[in-house]
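Chains as they are written, first to last, in the numbering used here: chain A, 963 to 1633; chain B, -10 to 360. Beta carbons: idealized from backbone N, C-alpha and C, even for Gly. A short write-up of the structure that comes next.
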């Protein structure tokens, strides 16, 4: 009896000893610091990844032409040690460093960038961030035109044929609905055929069969043109157009139009180079980034990747800037449970808790801590109005509804994460841009008056409003609070209802809603990423809002040349023309630097005018709040800038939430 | 319809292994065992090792293994195959598929992905692809949702983690449960009895995330003796093991108590007492084995459950075990991961049932004859 017991115990002890082998952490050297990164990264391939957790790690393993300066988030030299911009502001010439190498010693050349950019734009790869390179000449043609042509030739033509067969004529409203449901605007957005453009924006009256047939023929021609352009792009991209490598250490990029934020794109991970010599080996295409195979060029190397346990990054001594990297090793911890993450931070097992990874009910207590850093993020939460539907087609109604919502209450009571109430659409903090004064806010007296003027005094006669949101607890709470506020403040009956994501998308696209919840994340820190969605029939507009002046302003913000050629036409319609007039001189003549600066200011002013149409004149949407980034950071971690510091002393919030791991280190001797 | 018939036939085959005569069992089982060892050996260490393992294991089984064990082994292989088939059918029935919801508007891209991962649209086709990959290539397939990793790479490191916590939890459950249960059973209706059973009630009723959270608050946050979460040292084992163990300890205690009560009524115990044997010798030498019977039959499947980890405990303590792959695989519709974890689970259950049978025979001499 006892012998059996003892032998069982011995076997048990022996097994436990073996268990020690699973403790990989004890086999590695201790890291300088650990941080909690959120979910386990799905992939570390820069061209396929999406998501913040992947971004942090990929940006430590790889480096693009430029990188983010940690203090200002401006473009600092990365693989490219310097660059020049042509006088027409459309061509960048990057000079690559001679001592930039892959971690296996192979030098990085311009050919690596040619391969990588073609790979991210390859439609077969299916990378979601391919569009980030679309400012480059021929990039969109290479990536999307073939599928546009196929969409036109296939489903679009089929649906159009069905429509023509059933109808001799169709009125404008139904026509627009058909266009939305058939996804016509995407593939046709860049068409230069007048017949197509006119019919796409057809708003009044009705179309007869002849016009519909003309549209159909226009589609055939468009498909043909798209395919031709695509073939041209496939032939020329990387060799004679778009981006080229005149020699091993020079990389030339041709843009479609001057793009002031282009250097942000070259720091952003989808534009980072990948090792062709690893990826093209047989069997490597789906796991080339795993620790045994990966070759990278950034400040850190991927030493270990234990799924769901931790990722170890070690300093890369072949990195050109390795002298500036003050961290030898760090651990990335994937933790999904918010309470566990917070506890690990509080007990010192992690030194940095990244973006909002703590239970939201504790925010009030955490906000008081000295190590809690928060700041506005580049994301806006808002409601769309169906500008086409009565009574929302009346600007007074939209204005009244905007004035009747208490955003402060929502932000403080329902959310409590320190979000900012939003009365403009573009989040604050974009350098060089100030949102125009807004006529949105909380003003019940004016709201009631406007509603009465519109013919609904005290809310009488106002139809019941449906507030649509995609299924989610927080959206539900906010929708119910707003519905309640509209009832109490204006006497407008509103009901919140939800739909599954796919159905919700389809309802919004088809404009089958009254009011619908939405959110928009900025892809780069330029107001254009928030404003260009509201152009007439823009793919992401989906409200029916249309203003020719707005369209012009956005078009010129994309390409100033036609505006500079003839500014007066538009200036007459603007609210602050003087701000633009004073820059016109510098924009037309002057050095590249002066021109750049003047163009920049004019662009910003044009976009400010555009946003003023949204928040002073038309109110097609109801902005509600701006998201917030928050981090808990142990003071022994240095190099973490939650507020950007510029050389001239100006400060701005770090709204992109970018803290490059390259520049974070631990102060030795700190507890 | 065809699927239903196939499953029925499968069940018949499996059931028939129970009626295998000694001669056929002694031939069939070593063959099947050799087959499994060959696949496993080749996958882990190469062709040669696979062959050596297969021949060696098969010979050992043929010459030395008792019939009971052989029958179990013969049962294992067809049941695994049937399990894979049924699981595949069920997975394909579930709404959604691993490629839905991605930004795959292009049917061509989806077709390419399906070809790459070997996931055709038809369940039976997938079954054949999977079995072919398993037997011929010896791999459990690539994970569809975790880029660049095969299922073995995901489950492989996770299994020892779960098993180690499971072993410790099992030992704790037995130790705590048996002590409480036997003591309670020896003194029915006393304070010790009611006290133990109340503790047991708490153990059964409190959900494990509540117990775990309490442990974290007391030992990690307030006292600071143990780390909050994570994995990397023996200290990380302790709280998860206790949290996992307590509900099982409660069940073990109840079973041990009823087992003890029953055994102490037996005649041979009365004889022992009449002979004048001291109390602890009676309990330890004679009664314990009997009271362990219900515990052992409970522990068989329970051990399999403990070893495969608990999703809740692993998420709470940030342990990279296999429990999360059960749930994540199902939620993400990652077919290969689901099948991989199902195979491991069923393998563990079958093995533990075998161990339980053998333990029964050892504990209760009356059972030995039926071996």
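In the DSSP assignment, residue 231 of chain B falls within the unbroken alpha helix (DSSP H) covering 224 to 253.
As the crow flies, the alpha-carbon of residue 130 of chain B is around 33 Å from that of residue 1068 of chain A. Checking the DSSP bridge columns, you'll see residue 126 of chain B has no partner listed. In the three-state scheme derived from DSSP, where H, G and I count as helix and E and B as strand, residue 270 of chain B is classed as helix. Within chain B, the residues placing a beta-carbon under 8 Å from that of residue 974 of chain A are 156, 160, ordered along the chain.
Contact of residue 210 of chain B with chain A by beta-carbon distance below 8 Å involves 1305, 1308, 1309. For residue 1199 of chain A, DSSP records a beta bridge to A:1203. No Cβ of chain B is located within less than 7 Å of the beta carbon of residue 1138 of chain A.
Legend: CB atoms of the region 308 to 328 of chain B lying less than 7 Å from CB atoms of chain A belong to residues 309, 313. Here the C-alpha atom of residue 1454 of chain A lies approximately 15 Å from the C-alpha atom of residue 1407 of chain A. Secondary structure remark: continuous alpha helix (DSSP H) runs of at least 4 residues inside the region 1422 to 1507 of chain A, in chain order: 1435 to 1452, 1463 to 1471, 1490 to 1493. Residue 1190 of chain A carries a helical assignment under DSSP once its states are collapsed to helix, strand and coil. CA-CA distance, residue 1307 of chain A to residue 1314 of chain A, rounds to 7 Å. Against chain B, the CB of residue 1270 of chain A has a partner CB under 7 Å away; the residue lies at that interface. The beta carbon of residue 1488 of chain A sits closer than 6 Å to those of 1223, all from its chain and outside the five residues before and after it, given in chain order. Of the residues assessed, residue 1326 of chain A falls on the exposed side of the cut-off, its CB having fewer than 16 other CB atoms within 10 angstroms. Taking 9 Å as the Cβ-Cβ cut-off, the region 20 to 51 of chain B has no residue approaching chain A. A Cβ-Cβ distance of about 22 Å is found for the pair residue 1338 of chain A and residue 997 of chain A, leaving them out of contact under the 8 Å criterion.
According to the DSSP assignment, residue 1026 of chain A belongs to no alpha helix (DSSP H), since it is labelled neither H nor E. Contacts between residue 1004 of chain A and chain B, judged by CB atoms closer than 8 Å, involve 134, 135, 136 in chain order.
C-alpha of residue 135 of chain B to C-alpha of residue 244 of chain B: approximately 42 Å in a straight line. Measuring C-alpha to C-alpha distances from residue 1022 of chain A to each of A:1261, A:1054, A:1300 identifies A:1261 as the nearest. Residue A:1532 holds the alpha-carbon nearest to the alpha-carbon of residue 1571 of chain A among A:1556, A:1532, A:1609. Within chain A, the residues placing a beta-carbon under 9 Å from that of residue 216 of chain B are 1306, 1309, 1311, ordered along the chain.
Neighbours of residue 1443 of chain A across chain B, judged by C-beta separation under 8 Å, do not exist; the nearest C-beta is about 30 Å away. By the rule that beta-carbons nearer than 7 Å mark a contact, residue 981 of chain A touches chain B.
Within the region 1284 to 1362 of chain A, the runs of beta strand (DSSP E) at least 3 residues long that lie entirely inside it are, in chain order, 1291 to 1296, 1334 to 1347. For residue 1299 of chain A, the closest Cβ of chain B is nearer than 7 Å. For residue 226 of chain B, the closest C-alpha among the options B:354, B:274, B:305 is that of B:305. Residue state for residue 1212 of chain A is assigned as strand, using DSSP reduced to three classes. Proximity of the region 1102 to 1116 of chain A to the region 1154 to 1164 of chain A falls short of the contact definition, fewer than three beta-carbon pairs being nearer than 8 Å.
Beta-bridge partners assigned by DSSP to residue 995 of chain A: A:1292.
In this structure, the CA atom of residue 1027 of chain A is about 32 Å from the CA atom of residue 1630 of chain A. Residue-level contact check: residue 249 of chain B does not touch chain A, since none of the beta carbons of chain A fall below 7 Å from its beta carbon.
Setting aside the 5 residues that flank it on each side, residue 1429 of chain A is surrounded in the same chain by 1345, 1441, 1444, 1445, 1456, 1457, 1458, 1459, 1476, 1477, 1478, 1479, each with a C-beta closer than 8 Å to its C-beta; the list follows chain order. Residue 1252 of chain A has a beta carbon lying within less than 7 Å of a beta carbon in chain B.
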